[in-house]
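Okay, so the sequence shown: first residue is 25 according to the working numbering, each after it adds one. Glycine included, each C-beta is placed from N, C-alpha and C at the ideal position.
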Amino acid sequence: MIPAVKNWNRRERSLKDPEKFLLEYFPKKYTITFGAHHYAMMDTLIESAKYGSRQATAAPRGCGKSEVFKGMLVFLAFAMLVRFPLLGAATTKLGRRLYQDFRMKVANNDLLLEDFPEICHPVRELNGAPQGAARQHVNGQLTNIVWKANDYLRFADVPGSKYGGFKLSFFGLDSAFRGFNIDGDRPDFVGIDDPETRESAKSYDQGVDREEIIDQDISGLVSQEETMGIALLTTVQNCYCLSARITDRTIKPDFNGMRFGMIVQWPTNMGLWNDYIAIRHRDQAGGDRFGLSAVKFYLDNRAAMDEGVEMLTDHFVAIRLEDGTELVHSAIQQAFNKIASTSLESYKKEYQNNPTPDEEDKAIKLTAATVANRISGYEQNEIPDVDNVVISMGLDMGDEYGHWAKIAWFGNATGIIIDYGVMGIPTFAAGMEKKARQIAMLKALRAFCPSMME
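Structural data, given as structure tokens:
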């Protein structure tokens, strides 16, 4: 027998308001006040699920983006806004984590069990043994529940319940897929949390591959007549990565890109903050790792230093020493502590979704005309017949191979590339100790360089 709903008022109230749903059923997960970016994520996920629209939202690193995403997936399912969501991430491993989080929330949350017994009770009855699903029944009727750990799940068919037949699975953008379906059913919603790893974001080609997976493989999961919502949450790591393009409305307008930075409006008196950073660095260089003089400088000049500041959220971690000294007094101070510890450019990447455009890899802007303008007019390996030519070679060494270029320099400090290629390291093997790798590289260099000097 399926137990009765314990609190109908709480259930109905929460299903009408995603914020209430998250705070009612997962209070330990959401202990800080939601900010504008959190509400935007909630709204875009719901809009995408309801209307089959595409949404891409970039939020700062460490702002609770993923937790809101994971909680909202449960809301979308329980509010019956989706029937077959597909969860995605940068890798299959990370996609599986999203899937497992959903399973754990449904299986182990006592409040959800009380208010949504038609969903949660059949899961509890499995007692952690998914293989028993095929024999489970209610009033003599099989529930058809599926609760696989690494494949997909299906909510139980329970008399009087509309939740039966709900399905959920996952994928990773590190592997292409086409025509995904379960028993003939195709997804009606795709939610992607962080589509890139740090490594893939550095590669323009990998970004293009992932963009094609979204535009072709994922979008092609449904027919031309059907709609499927795609909601993507991310952080922009550089100017040319997938996240930068997909949240840029001039490049991908259909995704209605939004970017949020922790600092909405920078301080009016940036000179004082530059002084703050300098004092903090001086303190730390002198052995005071907490930068107490910098903290005092901020408190003495707080009104001027806070002038013009607008933060995405006023939340900050109030660090306090054992003697009661408070080290952090505001969100903007916390932000500049991070800037001082790393760099402004790093902060703009991780927390502002606004990396400096000058860092953009110019290789991604190559056109036929650009390439034509780079051609020197000389054949490969042809050395210009001019006075005072100096030949040099540059080598960018990697573990398994190195890229090299041979350059002819003229007296006016200009030069042309006369030859280039890839140098292999034949004796390299995965798992080598550092010293062994270095020996392998040295042997390869000794064998390689003489031929280059001929």
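Please classify Pro291: does DSSP put it in a helix, a strand, or coil? Locating residue 291 in the sequence shown gives position 267, counting from the first residue. Coil at Pro291, not helix or strand.
Helix, strand or coil at Lys226 according to DSSP, with G and I counted as helix: Residue 226 sits at position 202 when you count from the first residue of the sequence shown. Assignment of Lys226 by DSSP, reduced to helix, strand and coil, places it in the coil class.
Just verifying my parser: in three-state terms, what is the DSSP assignment at Asp272? Looking up residue 272 in the sequence shown gives position 248. Note: Asp272 maps to coil in three-state DSSP.
With Glu138 and Asn31 assumed to form a contact (beta carbons below 8 Å), what rounded beta-carbon distance in angstroms separates them? For this step, residue 138 is matched to residue 114 along the sequence shown. For this step, residue 31 is matched to residue 7 along the sequence shown. Yes, they are in contact, since the Cβ atoms of Glu138 and Asn31 sit about 6 Å apart, within 8 Å.
Any chance you could list the alpha helix (DSSP H) runs of at least 4 consecutive residues sitting entirely within the region 38-90, in chain order? Those alpha helix (DSSP H) runs which fall completely within the region 38-90 and span 4+ residues are 42-49 and 60-75.
Best match in Asn298, Thr258, Lys430 and Phe314 for proximity to Gly114 [C-alpha to C-alpha]: As a working mapping, residue 114 is identified with position 90 in the sequence shown. The question names Gly, but residue 114 in the sequence shown is Ala. Ranked by Cα distance from Ala114, the first of Asn298, Thr258, Lys430 and Phe314 is Thr258.
Could you give the first and the last residue of the continuous alpha helix (DSSP H) run that contains Lys117? Here residue 117 refers to the residue found at position 93 of the sequence shown. Its alpha helix (DSSP H) spans residues Thr116 to Asn132.
Beta-carbon within less than 6 Å of Arg78's beta-carbon, same chain only, minus the 5 sequence neighbours each way: which residues are those? Within the sequence shown, residue 78 is the residue found at index 54, counting from 1. Spatial neighbours of Arg78 in its own chain (CB-CB distance under 6 Å, excluding positions within 5 residues in sequence) are listed in chain order as Ile254, Asp278 and Phe279.
Mind checking which residues open and close the beta strand (DSSP E) that includes Arg178? Taking the sequence shown and counting its residues from 1, one reaches residue 178 at position 154. Taken as a continuous stretch (DSSP letters only), the beta strand (DSSP E) holding Arg178 covers Tyr176 to Arg178.
Cβ-Cβ distance between Phe213 and Val333 below 8 Å: For this step, residue 213 is matched to residue 189 along the sequence shown. For this step, residue 333 is matched to residue 309 along the sequence shown. Not closer than 8 Å, so no.
Just mark Arg37 as buried or exposed, buried being the case when its beta carbon has 16 or more other beta carbons within 10 Å. For the purposes of this step, residue 37 is taken as the residue at position 13 of the sequence shown. An exposed status is given to Arg37, since fewer than 16 other beta-carbon atoms sit within 10 Å of its beta-carbon.
Would you identify the three-state DSSP class for Pro109, choosing helix, strand or coil? Reading the sequence shown from its first residue, position 85 is the one you call residue 109. DSSP places Pro109 in strand when its eight states are reduced to three.
Please state the DSSP three-state secondary structure of Lys94. In the sequence shown, counting from the first residue as 1, residue 94 sits at position 70. In the structure shown, Lys94 sits in a helix (DSSP, three-state: H, G or I).
Just curious, the alpha helix (DSSP H) that Lys372 is in, first and last residue? Here the question's residue 372 lines up with position 348 in the sequence shown. Counting along the chain, the unbroken alpha helix (DSSP H) around Lys372 starts and ends at Leu368 to Glu374.
How many angstroms separate the CA atom of Tyr49 from the CA atom of Asn293? Translated into the one-based positions of the sequence shown, residue 49 becomes position 25. Translated into the one-based positions of the sequence shown, residue 293 becomes position 269. In this model, Tyr49 and Asn293 are separated by some 43 Å (Cα to Cα).
Out of Gly86, Ile169 and Gly188, which one is the CA nearest neighbour of Arg284? Here residue 284 corresponds to residue number 260 of the sequence shown, with the count starting at 1. In the sequence on display, residue 284 carries Phe and not Arg. Answer by Cα proximity: Gly86.
Taking the CB atoms as reference points, tell me whether Lys89 and Ala83 lie closer together than 8 Å. Within the sequence shown, numbered from 1, the residue matching residue 89 stands at position 65. Within the sequence shown, numbered from 1, the residue matching residue 83 stands at position 59. Taking 8 Å as the Cβ cut-off, Lys89 and Ala83 qualify as a contacting pair.
From the DSSP output, read off the bridge partner residues of Val214. Taking the first residue of the sequence shown as position 1, residue 214 is located at position 190. For Val214, which the question treats as bridged, DSSP gives the partners Leu110 and Ile254.
Please report the residue range of the beta strand (DSSP E) in which Phe194 lies. Translated into positions along the sequence shown, residue 194 becomes position 170. Annotation for Phe194: the continuous beta strand (DSSP E) segment containing it runs Lys191 to Gly196.
Beta-bridge pairing of Arg148 - partner residues as DSSP gives them: Numbered from its first residue, the sequence shown carries residue 148 at position 124. Assignment of beta-bridge partners to Arg148 by DSSP yields no partner.
Host alpha helix (DSSP H) of Asp324 (start-end): Counting from one through the sequence shown, the residue named residue 324 turns up at place 300. Looking at the DSSP string, the run of the alpha helix (DSSP H) that includes Asp324 is Leu316 to Asp324.
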